[in-house]
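Quick note on the numbering used here: the sequence shown kicks off at 1 and runs consecutively. Glycine included, every Cβ here is placed at the ideal spot set by N, Cα and C. Given the structure is predicted, the values throughout are model-derived calculations rather than measurements. All remarks here apply to the structure that follows.
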Amino acid sequence: SDTLSYRLTFNWGYRIPVIKEHSEYTEHCWAIHGEIFCYLAKYWLKGFVAFQAAINAAIIEVTTNHSVMEELTSVIGINMKIPPFISKEEIMNEWFLFTCLVSFSSFIYFASLNIARERGKFKKLMTVMGLRELAF
């Protein structure tokens with residue numbers, strides 16, 4: 001309706017990752033094949049800053065009739081150091097594994113007791129069938 005309104009039409013592909021900018025604990029980093037991979041760095045490095053600079057340059061050019069794209073592209077951004085934090089996700093994974101271990105340990109214990117007892121019962125039968133003792 002006015003000169004500063006615009007409509008974005010583009011494909012949300014791999015170049016602009018779909019991620020919430022201010023979500024809790026977004027800076028998870030992993031070392032994969034000798035490179036450090038971070039979600040937040042990917043968000044900024046794979047097109048968002050250039051895309052925002054193009055929108056800003058277009059709005060400034062329409063309102064002032066002066067191109068500022070060269071000045072905007074000469075701006076250099078740096079990644080600020082992020083203090084270390086404790087991830088809630090890993091704690092939840094460890095808690096889930098511990099719960100599974102505790103809940104299934106009694107089942108595994110009784111199953112192994114029954115298997116050992118049955119193996120002892122069928123020892124003579126296996127010998128009659130011609131199997132050596134190492135097989136059972």
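The alpha helix (DSSP H) spanning M126 covers which residue range? Position 126 of the sequence shown holds residue 126. Here the alpha helix (DSSP H) through M126 covers K123 to V128.
Return the CA-CA distance between G120 and V128, expressed in angstroms with no decimal places. Start at 1 with the first residue of the sequence shown, and residue 120 comes out as number 120. Start at 1 with the first residue of the sequence shown, and residue 128 comes out as number 128. Taking the straight line joining both Cα atoms gives about 14 Å.
Cβ-based neighbour list, H22, same chain, cut-off 6 Å, excluding 5 preceding and 5 following: As a working mapping, residue 22 is identified with position 22 in the sequence shown. Since pLDDT at H22 reaches only 45, below the 50 mark, its modelled position is unreliable, and the value read off the structure follows with that caveat. Around H22: no qualifying Cβ.
CA-CA distance, F140 and S112? Any property of residue 140 remains undetermined from this structure, which presents the chain solely from 1 to 136.
Within the same chain, show all residues whose beta-carbon is closer than 7 Å to that of I59, passing over the 5 residues directly before and after it, in chain order. Mapped onto the sequence shown, residue 59 falls at position 59. If we look at I59 and ignore the five residues flanking it on each side, its Cβ neighbours are L4.
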